[in-house]
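Under full-length UniProt numbering, think of the first position of the sequence shown as 1, with each following residue one higher.
Quick notes on the structure that follows.
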Amino acid sequence: MRVLLTGSAGFIGSAIGRRLEAAGHEVVGVDLMLASAHGSSVPPAGTLQLDVRDAGSDAWSDALRGVDAVCHQAALVGAGVRVADLPDYASHNDVGTAALLVAMHDAGIDRLVLASSMVVYGEGLYACPDHGPQLPPPRPVAAMEAGDFDNHCPVCDGPLDWQLVPEDARLDPRSSYAASKLAQEHYASSWVRQAGAAAVALRYHNVYGPMMPRDTPYSGVAAMFRSSLERGEAPQVYEDGGQMRDFVHVDDVARANVLALESVVAGPTLRWSTYNVCSGRPVTILDVATRVAEGTGRDIAPEVTGGFRSGDVRHVVASPALATSELGFTAEIGPDEGLRAFATAPLRA
Numbered sequence: 001m002r003v004l005l006t007g008s009a010g011f012i013g014s015a016i017g018r019r020l021e022a023a024g025h026e027v028v029g030v031d032l033m034l035a036s037a038h039g040s041s042v043p044p045a046g047t048l049q050l051d052v053r054d055a056g057s058d059a060w061s062d063a064l065r066g067v068d069a070v071c072h073q074a075a076l077v078g079a080g081v082r083v084a085d086l087p088d089y090a091s092h093n094d095v096g097t098a099a100l101l102v103a104m105h106d107a108g109i110d111r112l113v114l115a116s117s118m119v120v121y122g123e124g125l126y127a128c129p130d131h132g133p134q135l136p137p138p139r140p141v142a143a144m145e146a147g148d149f150d151n152h153c154p155v156c157d158g159p160l161d162w163q164l165v166p167e168d169a170r171l172d173p174r175s176s177y178a179a180s181k182l183a184q185e186h187y188a189s190s191w192v193r194q195a196g197a198a199a200v201a202l203r204y205h206n207v208y209g210p211m212m213p214r215d216t217p218y219s220g221v222a223a224m225f226r227s228s229l230e231r232g233e234a235p236q237v238y239e240d241g242g243q244m245r246d247f248v249h250v251d252d253v254a255r256a257n258v259l260a261l262e263s264v265v266a267g268p269t270l271r272w273s274t275y276n277v278c279s280g281r282p283v284t285i286l287d288v289a290t291r292v293a294e295g296t297g298r299d300i301a302p303e304v305t306g307g308f309r310s311g312d313v314r315h316v317v318a319s320p321a322l323a324t325s326e327l328g329f330t331a332e333i334g335p336d337e338g339l340r341a342f343a344t345a346p347l348r349a
C-alpha cells in the first residue's frame, strides 16, 4: 500500500510513518512545517514541504500519483486563545481538508483516514442515580469559584456520574478547534457520498509520548506537567484534579492508523465510520500529574490549585469497544507505565 501522509513531520504523523514503513507500506510524507508546531520551517529529509490548502497545485498532483490512500494528520491544534484565532482554524483545518478531498477526487483516490478528536463531543455523558441519563447545562462560574466543579442533575441537583461515550453520542464542540474538527468530519462524510469513496475518522483522546513538542500550543497537559517538573516546579492541576480523561500513547495511535488504513483500503466504497482511539483506562488529571512526577524519580508532588477555565468540560471518557470489534484495535500501553516513562522520554524542542 502506498500512503500519502499529511502532517508527516509532526509528533503523531512521524510515529504513523514509522509504523506504516515497519508494516511494509510505502509512505509519501508531506508537511507545511508550521514553526509553532515544529520549532523549524525546514522539513526533515524525505518530507515534501506542501500546504494542504493548495492541494490543486502541480506539486500535490505529483505527490498523489500512485497513492492508494491518504492519511490526513495535518491540522492546527490547541483550544484557541482568542476569537481572532477562528480564521486560522477554519483555514488550516477546514479549507485544507476540503481542498485535499478535491485533489484526491481529481487524482482518482477514494480512500481516506482522517485524524479527528474527542473534542467533538464537548462534555461527556452523565447519568443521575435517581433520574437516569442527563444533559447538564454549562457549569456556573460562581459554583466553580466556590470549589464545586461537578455537573449536577437538572432535576434533583445531585451530582452526576460520568459514563463512557460511544461514537453515536451527541456532538457539541466547545472551542474553535473542536468546531473545526467536527467540520472536517462533515466534509469527509459528504465527500464519501458525493465521490463514491470510503473514509474513517479516528477520534483521538489525549495523545502523549516521545517527541511530543514542548512549550508550544501543540503541547498537551502531560507535556505541560513535565515541563514544570523539569524546571523543578510542582505541576499545577486545575479544579480539584478529579477531571476524568483518557490518555493514549502515540505508539498506540500510530497502530490504530495502520489498522484503519488497511481496513478502509480493503473495504467497500460508501463507507463512513468514526472510532474512538483511547487506552480504555480512564484516569484523573491529578493521576496524570502524579504519574509523570513519579517518573522523574524526584520528590515533587503536584499542586491542586482550584483554578479553572470556564470553557473546560468536567469529564469526557469514551468507549474503545467499536474500534476493538471493527478494527481490531486495543491499546497496548497503559497510562500507569506510559506516563511514568514519558517523564524522561525525549521531547521536540
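Ideal Cβ positions, reconstructed from N, Cα and C, are used throughout, including at glycine.
**Asked** Are Asp-252 and Phe-342 close, meaning C-beta to C-beta below 9 Å?
**Response** Contact flag unset, no.
**Request:** Out of Leu-202, Ala-201, Gln-243 and Arg-203, state which residue places its alpha-carbon closest to the alpha-carbon of Val-221.
**Result:** Looking at Leu-202, Ala-201, Gln-243 and Arg-203, the one whose alpha-carbon comes closest to that of Val-221 is Gln-243.
**Asked** Is Arg-111 helix, strand or coil by DSSP?
**Response** In the structure shown, Arg-111 sits in a strand (DSSP, three-state: E or B).
**Asked** Are the beta-carbon atoms belonging to Gly-338 and Phe-225 less than 9 Å from one another?
**Response** Cβ atoms of Gly-338 and Phe-225: not closer than 9 Å.
**Request:** Since I believe Val-288 is in contact with Ile-12 (beta carbons under 8 Å), could you give me their beta-carbon distance rounded to a whole number of angstroms?
**Result:** Not a contact, Cβ separation roughly 19 Å.
**Request:** Pull up the distance between the alpha-carbon of Leu-125 and that of Ala-45, whole angstroms please.
**Result:** Going from the Cα of Leu-125 to the Cα of Ala-45 covers about 44 Å.
**Request:** Express the C-alpha separation of Cys-156 and Ala-254 in angstroms, rounding to a whole number.
**Result:** Each residue's alpha carbon lies about 44 Å from the other.
**Asked** Can the beta-carbon of Pro-140 be found closer than 9 Å to that of Pro-154?
**Response** Taking 9 Å as the cut-off, the Cβ atoms of Pro-140 and Pro-154 do not count as close.
**Item:** Which residues DSSP lists as bridging Asp-161, in chain order
**Value:** BP columns for Asp-161 point to Ala-127.
**Request:** Label His-249 either buried or exposed according to how many other C-beta atoms from any shown protein chain fall within 10 Å of its C-beta, with 16 as the threshold for buried.
**Result:** Label assigned to His-249: buried.
**Message:** Excluding the 5 residues flanking His-315 on each side, which residues of the same chain have their C-beta closer than 7 Å to its C-beta?
**Reply:** Closer than 7 Å at Cβ, skipping near neighbours: Gly-124, Trp-162, Gln-243 and Met-244.
**Prompt:** Hey, how far is the Cα of His-152 from the Cα of Gln-49?
**Reply:** So the two alpha carbons sit approximately 49 Å from each other.
**Prompt:** Roughly how many angstroms separate the alpha carbons of Leu-32 and Gln-194, rounded to a whole number?
**Reply:** Straight-line Cα distance between these residues: approximately 28 Å.
**Request:** Mark Val-3 as exposed unless 16 or more other C-beta atoms lie within 10 angstroms of its C-beta, in which case mark it buried.
**Result:** Buried: at least 16 other Cβ atoms inside 10 Å.
**Message:** Relative to the C-alpha of Gly-209, which candidate in Arg-111, Met-1, Ser-14 and Ala-323 has its C-alpha closest?
**Reply:** Looking only at Arg-111, Met-1, Ser-14 and Ala-323, the smallest Cα-Cα distance to Gly-209 is reached by Ser-14.
**Asked** What's the call for Val-83, buried or exposed, on a 16-neighbour Cβ count within 10 Å?
**Response** Exposed is the call here.
**Request:** Please state whether DSSP places Glu-185 in a helix, a strand or coil.
**Result:** In the structure shown, Glu-185 falls within a helical segment according to DSSP collapsed to helix, strand and coil.
**Request:** Please report the Cβ distance between Asp-114 and Ala-199, rounded to the nearest whole angstrom; I am assuming they are in contact, meaning their Cβ atoms lie under 8 Å.
**Result:** For the sequence presented, residue 114 should be read as Leu rather than Asp. Here Leu-114 really is in contact with Ala-199; their C-beta atoms are around 6 Å apart, less than 8 Å.
**Item:** Cutoff 8 Å; reference Gly-334; Cβ partners in own chain excluding five residues on either side
**Value:** So the qualifying residues of the chain are Ser-279 and Arg-281.
**Request:** Determine the contact status of Ala-69 and Leu-270, defining contact as a CB-CB distance below 9 Å.
**Result:** Taking 9 Å as the Cβ cut-off, Ala-69 and Leu-270 do not qualify as a contacting pair.
**Request:** Can you check the region 196-244 for any alpha helix (DSSP H) of at least 4 residues that lies completely inside it and give the ranges in chain order?
**Result:** Those alpha helix (DSSP H) runs which fall completely within the region 196-244 and span 4+ residues are 221-230.
**Asked** Expressed to the nearest angstrom, what Euclidean distance is found between the alpha-carbon atoms of Ala-183 and Val-119?
**Response** Going from the Cα of Ala-183 to the Cα of Val-119 covers about 12 Å.
**Request:** Have a look at the DSSP bridge pairing and note the partners of Thr-47.
**Result:** In DSSP, Thr-47 forms a bridge with Gly-29.
**Asked** Are Arg-174 and Val-277 touching if we call contact CB-CB under 9 Å?
**Response** In this structure, Arg-174 keeps its C-beta atom at 9 Å or more from the C-beta atom of Val-277.
**Request:** Check Arg-174 in the structure and name its three-state DSSP category.
**Result:** Coil at Arg-174, not helix or strand.
**Asked** Taking the alpha carbon of Gly-122 as the point to measure from, which residue in Thr-344, Gly-311 and Arg-231 has its own alpha carbon closest?
**Response** Considering only Thr-344, Gly-311 and Arg-231, the residue with the shortest C-alpha distance to Gly-122 is Gly-311.
**Asked** Considering only C-alpha positions, which residue in the set Asp-51, Ala-63 and Gly-241 is nearest to Ala-75?
**Response** Ranking Asp-51, Ala-63 and Gly-241 by Cα distance to Ala-75 puts Asp-51 first.
**Prompt:** Are Asp-299 and Ser-180 closer than 9 Å when you measure CB to CB?
**Reply:** The Cβ atoms of Asp-299 and Ser-180 do not sit closer than 9 Å to each other.
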